[in-house]
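To keep things clear, I will list the structure first and then write my remarks on it.
Protein chains: 2
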Amino acid sequence: MNNDRTYRVAILGATGAVGREMMKVMEEYRFPVSELLALASAKSAGKKLPFMGGEVTVREATEDAFEGVDIVLGAVESEHAKRFAPAIVRAGALFIDNSSAFRLDPDVPLVVPEINPEDIFKNKGIIANPNCSTIIAMVALAPLARLSKIETAVCSTYQAVSGAGVGGMRDLEEGVRAWAEGREAVLSTFPHPIAFNLIPAIGGEKEDGYTSEELKMQNEGRKILHLPDLRVTCTCVRVPVLRSHAVSAAIVTERAISVAEAREALKNAPGVVLADDLAAGDYPMPLRSTGGDAVYVGRIRKDLTSDRGLALFCCGDQLRKGAASNAVQIALRLTGRQTV
Amino acid sequence: MNNDRTYRVAILGATGAVGREMMKVMEEYRFPVSELLALASAKSAGKKLPFMGGEVTVREATEDAFEGVDIVLGAVESEHAKRFAPAIVRAGALFIDNSSAFRLDPDVPLVVPEINPEDIFKNKGIIANPNCSTIIAMVALAPLARLSKIETAVCSTYQAVSGAGVGGMRDLEEGVRAWAEGREAVLSTFPHPIAFNLIPAIGGEKEDGYTSEELKMQNEGRKILHLPDLRVTCTCVRVPVLRSHAVSAAIVTERAISVAEAREALKNAPGVVLADDLAAGDYPMPLRSTGGDAVYVGRIRKDLTSDRGLALFCCGDQLRKGAASNAVQIALRLTGRQTV
C-alpha cells in the first residue's frame, strides 16, 4: 500500500461504542478512504451514521460483504470476529481486529504502533488490536522497557464503563441520574450498580482466580513488548468513570532506572504526555485524557519495595487509544502514514 | 476502668463528618456514656446535634473544656489535635485522636483493636487512631501477617471522597447533580472535579515524590503490625465513591502462604468479611461495606510475580471502620468491653 491511493474500509460493528469511535477517529485523521462500509447486525441495517460530513447507511454484516474491501476494522465480540475472519481474509482484505479472538495467535501480530510497528508488516491477513487497559499500560511502560528489561509488574486498574460498551456507559449515566432524581436506577449491563461503587471483576473467571481481563496484561504485554518472560499480577477494577482507563503500576527492571531517567524517556516517548508535577497538580486524570489519543503518565517514584523498582500512574481514553484510535493508527501505518 | 461505670465523653470536632459518625457509632454500640460533650469551633457553638434519642448542644472547644472528662475522641485536624492535647492530658482525660499528629510518636500507641489491642494499655494519655486506608488494609493483612511475616506490599488505593470530609462529599454530590442537570458544578474542596474522574494525589508532597497519605501505609503499617522492616509502596487515588475506601494489595511474605490458608485465616479473622467467590459475584465493593464496620476481603490469588506473593482486594467504610468506629472500639476496650 502507498501514500497516493485511497482505500475501501469496512467497519464491522459500526453501531457499537468502538465502531462509532473508529469512524470519528478516521475523520479526524483524514483517513484516505474512498468508501466506508458500515457493517452491523441485521437489526441495525438501514440506520444512518454520520461520516465525513455526510452519512453512511448501515448494512448487515454477511460473509459476502467484504468483496473489494481493502481494510476491515473489527469492533465486534470475539465470536463474531472468529466467524467473519475467514471470509475477510478470503476476500483479500486486511482484518484489524479489536476483539481478543486472535491476539495470542502466533501468526497474528499484536500491535501498538508506538511500540512494535515493525510487527504490522509480518501479518498474514489479520492484525490484532490489544486489550484496552493493556494498550494504555504498555504505552507508558514500553519507553522504560527500552531502558532496561522489565521483569515484573504489579498493576491495579481503574477502568471506565465504556469498556463494557454503550450499555456500560448507560448503566453509569442512569445510575447517577437516578440518584440525582431520587429514584431507583434501571440497570442493564453490570451485575452490580456502578454509580458511586467499584466492581473488582472484569471478564470471566480464568485460571488461579484471575479474570480473563487480568491475564491479558501479562499475556498481551509479553507479546507487545517482546518480553516472553515478563510476569504481571494485575487486579482489574471497574470505576464510575465514563471513558478513560487508568493503571497504577509498580515495575521491577533488570537494572535500576532512576526517576530522572524515566521522566526523560517518557517525555520523549511517542503517544505519551508526561504529567508528573505533584505540587503543581499535574498528574494523569481521566478527565484530562478523555477525547484524545495520548496516554498521560505521572506520579513516577522509586518503588519502596525494590531497589530496581519504579511506581507510576497512567491513563488514556479507552475508546480512543484503548481501542478505536489504536486500530486506525495501525491502518494508517499500512497506508504509509504515521501519526504516532 | 471497668464494666459498671459510665463515662463522660467529649467529641472534639463534633460537627465534622467523622465527629458526627462517632456519635452515631456510640449510639449503636450503646456506649456507657453519662454525659456527651460536643465540642467544635466557636462558629458551631449553639448548634444542636441528635444523640441517643435526645439532643446535645455544641460548645466551643476551649482548653478548659476537658475538666472532669474521662475520654476525648478527637476528630479534628492535626494542628488542633496538637493544640488541645496538653490540656486534655492535664485534665486527666484519655485522648483517642483521629488526626495524624501523634501516630508515629513512640509514646503513643497506634491501634486497630482487631490487630494490636494490647497496645491500648501502654498509653500515656494519648492513643492514636490510624489513617483510614491504613486501618482498612491492615485489618485485611494482619491475619496473613500472623501466618508469615509480610516483607513487602504494593498497594493501590481507591479512596472515597468522605476522606476529605463533608466538603469532599459535597464536591462529588454537586458534581454529579450538576452533570444530571446539565449545568456547571460549583466545587469547593478538591483541586479538580471528582465526579467521573480520578485524582491520584491525596495529602501533601513528602519525600521522593510520595504523598503524606501514601507514606502512612508503610509507616503506620509497621507500627500497627509490629513489623519495623515492612516495606510498602502505595499509590493513593481519590475515586468518585462516597464513603468506602478500597485497596488492591500485593504482598510478599517470608514463607509462601497458599490461597486456601489465606482464606481460612481471613474467614476467622475479627472484623473481616470474606467475600471471595468471583463466579458468584461475591467480592468486596464499596456499596457493600458502606454503613458497617467490617472490612470485606476477596479476590485472593497467588501473585504471579513472586513465589511468596498473594494479591487481594479489600474495602471498608472510611468514616466508620476507617475513623469513627475504630476510635469508639478503642474507647470501648478501655471500658472493658470488646466489640471486635
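Protein chains in written order, with our numbering: chain A, 47 to 386; chain B, 47 to 386. All C-beta atoms in this analysis are idealised placements derived from N, C-alpha and C, irrespective of residue type, glycine included.
Should residue i be labelled buried (16 or more other beta-carbon atoms within 10 Å of its own) or exposed?
i, result
"residue 60 of chain A", "buried"
"residue 57 of chain A", "buried"
"residue 269 of chain B", "buried"
"residue 325 of chain B", "exposed"
"residue 51 of chain B", "exposed"
"residue 294 of chain A", "buried"
"residue 98 of chain B", "exposed"
"residue 145 of chain A", "buried"
"residue 103 of chain B", "exposed"
"residue 260 of chain A", "buried"
"residue 125 of chain A", "exposed"
"residue 143 of chain B", "buried"
"residue 306 of chain B", "exposed"
"residue 254 of chain A", "exposed"
"residue 363 of chain B", "buried"
"residue 92 of chain B", "exposed"
"residue 20 of chain A", "This structure cannot speak to residue 20 of chain A, because chain A is shown only from 47 to 386."
"residue 167 of chain A", "exposed"
Please work out which residues of its chain come closer than 8 Å, Cβ to Cβ, to residue i, disregarding the five sequence neighbours upstream and downstream, and give them in chain order.
i, result
"residue 47 of chain A", "Note on residue 47 of chain A: pLDDT 48, under 50, position unreliable in the model; the coordinate value appears next. Closer than 8 Å at the Cβ level, and outside the excluded window around residue 47 of chain A, lie 53, 116, 380, 381 and 382."
"residue 188 of chain B", "158, 160, 161, 270, 271 and 315"
"residue 245 of chain B", "236, 237, 238, 283 and 284"
"residue 361 of chain A", "182, 204, 290, 291, 292, 293, 330, 331, 332, 334, 335, 341 and 342"
"residue 215 of chain B", "63, 207, 208, 288 and 289"
Bridge partners of residue i, per DSSP?
i, result
"residue 251 of chain A", "A:257"
"residue 205 of chain B", "B:284"
"residue 94 of chain B", "B:103"
"residue 143 of chain B", "B:120 and B:174"
"residue 278 of chain B", "B:199"
"residue 156 of chain A", "A:174"
"residue 290 of chain A", "A:363"
"residue 245 of chain B", "B:284"
For residue i, which residues from the same chain have a beta carbon less than 6 Å from its beta carbon, with the 5 sequence-adjacent residues on both sides left out?
i, result
"residue 263 of chain B", "180, 201, 278 and 280"
"residue 109 of chain B", "133"
"residue 319 of chain A", "340 and 342"
"residue 76 of chain A", "none"
"residue 72 of chain B", "374"
"residue 199 of chain B", "278, 295 and 297"
"residue 286 of chain B", "218, 240 and 241"
"residue 165 of chain A", "155 and 157"
According to DSSP, simplified to helix, strand and coil, what is residue i?
i, result
"residue 86 of chain A", "strand"
"residue 130 of chain B", "helix"
"residue 100 of chain B", "strand"
"residue 120 of chain B", "strand"
"residue 81 of chain A", "strand"
"residue 55 of chain B", "strand"
"residue 270 of chain A", "helix"
"residue 47 of chain A", "Only weak support exists for where residue 47 of chain A lies, its pLDDT of 48 falling under 50; the value from the coordinates is given anyway. The answer is coil: DSSP assigns residue 47 of chain A none of H, G, I, E or B."
"residue 383 of chain B", "coil"
"residue 73 of chain A", "helix"
"residue 109 of chain A", "coil"
"residue 265 of chain B", "helix"
"residue 114 of chain B", "coil"
"residue 60 of chain A", "coil"
"residue 149 of chain B", "coil"
"residue 239 of chain B", "coil"
"residue 138 of chain B", "coil"
Can you determine whether any heavy atom of the ligand FMN sits closer than 6 Å to the C-beta of residue i, and answer yes or no?
i, result
"residue 152 of chain B", "In the structure shown, the ligand FMN is absent, as is every other ligand, since no ligand is present at all."
Tell me which same chain residues have a C-beta within less than 7 Å of the C-beta of residue i, skipping the five on either side of it?
i, result
"residue 221 of chain B", "231, 233, 239, 240 and 241"
"residue 191 of chain B", "271 and 273"
"residue 224 of chain A", "230 and 231"
"residue 128 of chain B", "147"
"residue 149 of chain A", "156, 174, 176 and 266"
"residue 365 of chain A", "63, 64, 67, 208 and 289"
"residue 32 of chain B", "Residue 32 of chain B lies beyond the residue range present for chain B, which begins at 47 and ends at 386; the question has no answer from this structure."
"residue 101 of chain B", "94 and 95"
Runs of 3 residues minimum, wholly inside the segment 293-381 of chain A: which ones carry the beta strand (DSSP E) assignment? 318-320, 341-348 and 355-363
Quick one: complete alpha helix (DSSP H) runs, 4+ long, within the segment 165-232 of chain A? 178-193 and 211-227
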